[in-house]
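Colleague:
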Amino acid sequence: MTPPAPSLLDELICPGTPDDVRQRYLTLASRAAQRDFGPLEEDVVVLDTETTGLSFKDCDLIEISAARLSGREVVDRFETFVHPGGPIPPEITRLTGISNADVADAPSAREAVAALAEFVAGSPVLAHNATFDRTFVEAVPGGAGVSDTWVDTLSLSRIALPCLTTHRLADMAEAFGCASVTHRAGDDVEALCGMWRVLLAALSDLPAGLLALLAGMHEEVTWPFRLIFSHLAALGDAPARPFSLKEVRAGLVGRAQAPARPDAAELEALAAPTAEEVEREFGSGGVVSRMYERMERRPEQVAMAREVAEALGSSTHRAIEAGTGVGKSVAYLLPEVLFARRNNVTVGVATKTNALTDQLVSHELPALAAALPVGLTFVSLKGYDHYPCLHRLDRAAVEDLPLAAVPHDGRSDNAVACDMLTALAVAYAFACQSPDGDVDALGIRWRYVPRAMLTTTPGECLRARCPYFPNECPLHGARRRAAGADVVVTNHSLLLRNVIAEGKILPPVRHWVVDEAHGLEAEARRQWAVEVSGDEARAAFELLGGTSTGTIHNLMVRAMSLEGSTLVVGLLAKAAATCARASVAVADLFVCVHELGSVARGDGGYDTMTLWLGEEVRSTPEWAAVEQAGAVAAEALAEAVRQLAGAAEAMAGEAPALAADLTESTRFLRELCHGIELVCSGEDQTYVYSAQLTRSRRKIASEKLVAEKLDVGADLAERWLPEMQSVIFTSATIAVGDDFSHFDHAVGLDLLGEGSHRDVRLDSSFDFDANMSVVLARDLPAPGDRAYLPALEDLLFDVHVSMGGSVLTLFTNRRDMERAYEALQPRLAAAGLEVACQSRGSSPRRLRQRFMEERSLSLMALRSFWEGFDATGDTLRCVVIPKLPFASPNDPLVRERDLREDRAWWKYSLPDAVISVKQAAGRLIRSATDTGVLVLADSRLVTKGYGRLFVGSLPSRSVTRLESANVGRYLSLWRASHE
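Here it is, written out as structure tokens:
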């Protein structure tokens, strides 16, 4: 083992990790070298494989490597190539260096695995992401006999080292000074041999008693980690103290915290930095010049910063469109931070995407803090479902595991239970080392772990009735720290939930910046929607359970020790029967909801459709059946709520914690009842009502009844903006041309008094006219024409060939995308070009990563790629938009607006589509040196009057109108002049 690289390891430790935890990580390698872990290092086998790809179904083994550990030494090795039965894909050869010649004379998979089984001889196997290696090995006849015990060191590393930003073997091995990792099995085995002692030492650092708790929880589950935890727990010299998470958390977060800042609304006078003062900080020797080694002065950035300062000084609002490259974040952060420090108040920034949140928290704010003479403090806050609920964690460790609440996909109960126990162990370790943080960073397999097992919701949070409230709670503790910070960074989701919660979630911030503001209205509609979901109702009833399973069963068992146990248990048994009837009534409701498919139009996807619940639908016999079933379900739910409340009241005196658990677990019944009544009555005119249906009766549980806010701006203008002193809404795409009226209406600015806000449009700092060309294919058939798709396919072929790949085609619907892909893929392959498609069930994240890594790869994608996808340089040279992204005329929101307003399409659908096209165009130019072509293949841009609105709103004025047959020639010339 080589000496670790402290600077690299330091970089891998999560920001905000306490100093003592950080120091333990930095000294792990040296301490691990001195420890003796007994049987955990004796006669264990470390294993890795290489394969022809990631698919268990279609790919094969090409290399197996293993090493047997005895103490600190490797005492035996196993190495073999494996003949895959077919050619190795070129990309695998490039990745691993394993060629067809290497495996030509290698043993078959059956022979190689038989030899491996003889080498392992039933010993425990360690593998990083063991599921992958084990599945490939056991897919070979005889592979199941290799070992009964496989230990996944990837999952174990997340428990041992929860404060690392990555648990990739390559990153950890380099940071801790183990052998380097390549894409060869032998090197990876060598690295894991070195990491094994580090992981065991890190587990030994967990708090006293925690290992014993983990080893002892849910002993009915055969869990590979149990023996490891049990052995490490027994290694201590003294008996472990009973584990107390509350004690550990108190020590972790009990360090001095800044006092809460005053509410700006309660201060008599506020002093804002002047526009001139802010501008000076962008000059030579100013704060901004100290933030970065090379910081060029951008007039648009300075202009934006001046606007923010003036808004703060006048307590007014701004809608600022600042084009790509302006440097919006520094432009608003500097005046906001100066304002916060000068007045000892907290300011807030809300973003749409995690990428921008991470950029602010990891880059801009630390750089600004270092540049300011007195520094600054900032805290990132996310929604409830991002923080572990410690009370639920404790309950999950002792109560029945909610196996019925998750799919199994053919896996055994024990396999799913192991995923749940691993999630609990990771969450406990994380809570012991991190004051707060995001559970989504813990690598939990959420498909097999109900989120409700580890997190809570605003409605279900016990607050003062919780033993961890407020200081030890990750969420409420972070909120308290945020109340004493200069800047709070959060997302649109939490900001909007705070509006509904009347300010009870976030600190009292009166000065906000809403970045990526083009997405605020849609997010508000999602956050404020009321949904009645068949799947969610089923899962919730499963968790609630009855006399033999779930929460009610667990409470009955725990209530046995109470003095009045007979009464309490009787009430719970009665409530369980009522809950069972309510569950059946809700299921019956969704049988009726499914029948609404017969009155739905053909709009929607292959499997789903969305039905507007207007007067026409509400007058049908099918809706009458829904209404009747809804009334029965609501009555049954209301009775269940009454009986559970009675049981909670009966146990509140002697066992308030149990009563609180029951209240928490049954809150969903009230919400479900309210949702059914709201949608079925349809009386609240602030909502638009719809049903999300499936064409398959087998998927009936996935159907939903939905109520969405019709006018988000009206709610913001009534419930939020009057409470704010200054809100800066900003984005690169909120205006249609120079017109902000669509955006101002969406966020409620148009309903405020005269002089309360100003709209400002700032051009990009990049030279779009020189770097981005726009091509209009003016003669394609209209999108509804039968000749449209064949003509589009020919155009796309010419575009891809002329550009040599690196083309992103953004479709508005899956049907057109899949048809175009099926027709084009073989034609492009014959031309030596590869194109990928966002197929059903594919991971957008993996597609993005692949597109970024393979320079000439092209991609056909849907809505998730229209914005928030940054690909600089030659990775992306051309964006094609086949069809203007107008909302479907059958969309419930569109139909409701058409019913209530004249010219609704011009007021809403048209500007929404313009903004979407601007967003898509923004994928092309992400730096000053990027160049690219935007191809618009919808002839309505030429034939319809509104086409001028789209073209005039684009950042580039370099627009060329061509017949589709000439587009390829034009692109070839463009490419030649830009390479």
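Sequential numbering from 58 applies to the sequence shown in the numbering used here.
For every residue, glycine included, the Cβ atom is placed at its ideal position computed from N, Cα and C.
Please read these numbers as outputs of a predicted model, since none were measured by experiment.
Report all residues from its chain with a CB closer than 7 Å to the CB of A201; omit the five preceding and five following residues, and keep chain order.
Modeller: So the list reads E195, once near-sequence residues are dropped.
Colleague: Taking its Cβ as the centre, do 16 or more other Cβ atoms sit within 10 Å of A113, making it buried, or is it exposed?
Modeller: In the sequence on display, residue 113 carries Phe and not Ala. Around the beta carbon of F113, a 10 Å sphere encloses fewer than 16 other beta carbons of the protein chains shown; the residue is thus reported as exposed.
Colleague: Which residue or residues does DSSP assign as beta-bridge partners of S165?
Modeller: According to DSSP, S165 bridges with H140.
Colleague: Could you spell out the range, first to last residue, of the alpha helix (DSSP H) harbouring E334?
Modeller: From DSSP, the alpha helix (DSSP H) with E334 extends over 332-337.
Colleague: In angstroms, rounded to a whole number, what distance separates the CA positions of E107 and G142?
Modeller: Distance between the alpha carbons of E107 and G142 is about 14 Å.
Colleague: Just to confirm my understanding: we take C489, look at its own chain, exclude 5 residues before and 5 after, and list those with CB closer than 6 Å. What are they?
Modeller: P264, V305
Colleague: Please determine, among T188, F193, D162, A161, the residue with the shortest C-alpha to C-alpha distance to L173.
Modeller: F193
Colleague: Which same chain residues end up closer than 8 Å to D1107 when comparing Cβ atoms and leaving out the 5 residues on each side of it in sequence?
Modeller: Absent from the structure is residue 1107, since the part of the chain shown begins at 58 and ends at 1036.
Colleague: Please give the ranges of any alpha helix (DSSP H) in the region 665-741, keeping only runs that are unbroken, at least 4 residues long and fully inside the region.
Modeller: 672-675, 678-709, 713-738
Colleague: Here's the rule I'm using: 16 or more other beta-carbon atoms within 10 Å means buried, otherwise exposed. How should A639 be labelled?
Modeller: buried
Colleague: Would you mind stating whether M666 and L750 have Cβ atoms separated by less than 8 Å?
Modeller: yes
Colleague: If I follow the unbroken beta strand (DSSP E) through A918, where does it start and stop?
Modeller: DSSP places A918 in the uninterrupted beta strand (DSSP E) bounded by 915-918.
Colleague: Using only the alpha-carbon positions, how far apart do I785 and K631 sit?
Modeller: 54 Å
Colleague: How is I972 classed by DSSP in three states: helix, strand or coil?
Modeller: helix
Colleague: What three-state label does DSSP hand G989 in the structure shown?
Modeller: strand
Colleague: Classify I70 as helix, strand or coil using the three-state DSSP reduction.
Modeller: strand
Colleague: Given a threshold of 16 other Cβ atoms within 10 Å of its Cβ, counted over all protein chains shown, does D77 qualify as buried or as exposed?
Modeller: exposed
Colleague: Give me the Cβ distance between S821 and G380, rounded to the nearest whole Å; I'm assuming they're in contact under 8 Å.
Modeller: 3 Å
Colleague: Short check: CB of L881 to CB of E850, under 8 Å?
Modeller: yes
Colleague: Does the Cβ-Cβ distance between L183 and V102 come in under 8 Å?
Modeller: Yes, these two residues count as a Cβ contact at 8 Å.
Colleague: How do the region 315-327 and the region 548-568 stand: do at least 3 beta-carbon pairs fall below 8 Å, yes or no?
Modeller: yes
Colleague: With 16 as the cutoff for other CB atoms within 10 Å, does E879 come out buried or exposed?
Modeller: exposed
Colleague: Would you please verify whether the beta carbon of V1008 is less than 8 Å from any beta carbon of chain B?
Modeller: The displayed structure is made up of one protein chain only, and chain B is not part of it.
Colleague: Out of V365, G671, A539, V208, point me to the one whose CA is closest to V402's CA.
Modeller: A539
Colleague: Could you check the C-alpha separation between M477 and A839 for me, to the nearest Å?
Modeller: 52 Å
Colleague: Any idea if Y444 is buried or exposed, counting beta-carbon neighbours within 10 angstroms, 16 or more meaning buried?
Modeller: So Y444 counts as buried.
Colleague: Which partner residues does F135 have in the DSSP bridge list?
Modeller: A123
Colleague: Rounded to whole angstroms, what is the Cα-Cα separation between W963 and R537?
Modeller: 46 Å
Colleague: Buried or exposed, going by whether 16 or more other CB atoms sit within 10 Å of the CB of Y389?
Modeller: Around the beta carbon of Y389, 16 or more other beta carbons lie within 10 angstroms, which makes this residue buried.
Colleague: Using 10 angstroms around the beta-carbon of K561, count the other beta-carbons present and answer buried if the total reaches 16, otherwise exposed.
Modeller: exposed
Colleague: Look up M860 in the DSSP assignment and say whether it is helix, strand or coil.
Modeller: helix
Colleague: The beta strand (DSSP E) with W207 in it runs from where to where?
Modeller: 207-209
Colleague: In three-state DSSP terms, what is Y505?
Modeller: Y505: coil per DSSP, three-state reduction.
Colleague: I want to check one thing, is the minimum distance from the CB of L993 to the heavy atoms of the ligand ZN below 7 Å?
Modeller: Looking for the ligand ZN in the displayed structure turns up nothing, as the structure carries no ligands at all.
Colleague: In this structure, how does DSSP classify T192 when only helix, strand and coil are distinguished?
Modeller: helix
Colleague: The alpha helix (DSSP H) spanning R569 covers which residue range?
Modeller: Before going further, note that residue 569 is Trp rather than Arg in the sequence given. Note, W569: premise wrong, no alpha helix (DSSP H); beta strand (DSSP E) at 568-571.
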